[in-house]
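What follows is a short report on a single structure.
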Amino acid sequence: MPAKKYIVSLTKEEQKSLEDLTKTGKAAAAKINHAKILLKADINREEGGWKDQSISIALDTSVSTIEQVRQRFVEEGLESALNPRPRTLGYVDSISHESVRQVLKKTSLSLG
Numbered sequence: 601m602p603a604k605k606y607i608v609s610l611t612k613e614e615q616k617s618l619e620d621l622t623k624t625g626k627a628a629a630a631k632i633n634h635a636k637i638l639l640k641a642d643i644n645r646e647e648g649g650w651k652d653q654s655i656s657i658a659l660d661t662s663v664s665t666i667e668q669v670r671q672r673f674v675e676e677g678l679e680s681a682l683n684p685r686p687r688t689l690g691y692v693d694s695i696s697h698e699s700v701r702q703v704l705k706k707t708s709l710s711l712g
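With this note's numbering applied, the sequence shown corresponds to residues 601 to 712, in that order.
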């Protein structure tokens, strides 16, 4: 098994900040989840960093999400790793009514 390319190494201040974020619960769910991922992946903990598979099971999230959070932390810093990237919606020449229905069904918009 190859060594991890993106190693999460948090400072004491970052650990405290992330712990506070996860305990208050006053942030977006994805941001709190990313904070939990970083805390579990941190190699500076007494027990060391968890493996991605263990984090995935503990937090009920995909391994690819964990890998992306690790990568963004190493390459772009803490704030970038915490905040999920907005989805980009490109423009299309045409779209079927069924595609529109499926997208609208996923939103929490209430018409009544």
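Backbone N, C-alpha and C define an ideal beta-carbon position, used for all residues, glycine too.
Using 10 angstroms around the beta-carbon of residue i, count the other beta-carbons present and answer buried if the total reaches 16, otherwise exposed.
i, result
"Lys640", "buried"
"Gly649", "buried"
"Ser694", "exposed"
"His697", "exposed"
"Asn633", "buried"
"Asp652", "buried"
"Ala681", "buried"
"Ile643", "exposed"
Starting from residue i and walking both ways along the alpha helix (DSSP H), at which residues does that stretch end?
i, result
"Asn633", "Ala629 to Ala641"
"Leu682", "Leu678 to Leu682"
"Lys706", "His697 to Lys706"
"Thr611", "It is not in any alpha helix (DSSP H) - Thr611 carries neither H nor E in the DSSP assignment."
Three CB pairs or more closer than 8 angstroms across the segment 629-639 and the segment 694-708
The segment 629-639 makes no contact with the segment 694-708: fewer than 3 CB pairs, one atom from each, lie closer than 8 angstroms.
So, do the segment 671-679 and the segment 651-658 have three or more beta carbon pairs nearer to each other than 8 angstroms?
Remark: fewer than three beta-carbon pairs, one from each stretch, lie closer than 8 angstroms, so the segment 671-679 and the segment 651-658 are not flagged as touching.
Alpha helix (DSSP H) runs contained entirely in the segment 648-675, provided each spans 4 or more residues
If we require 4 residues or more, the alpha helix (DSSP H) runs fully inside the segment 648-675 come out as 652-659.
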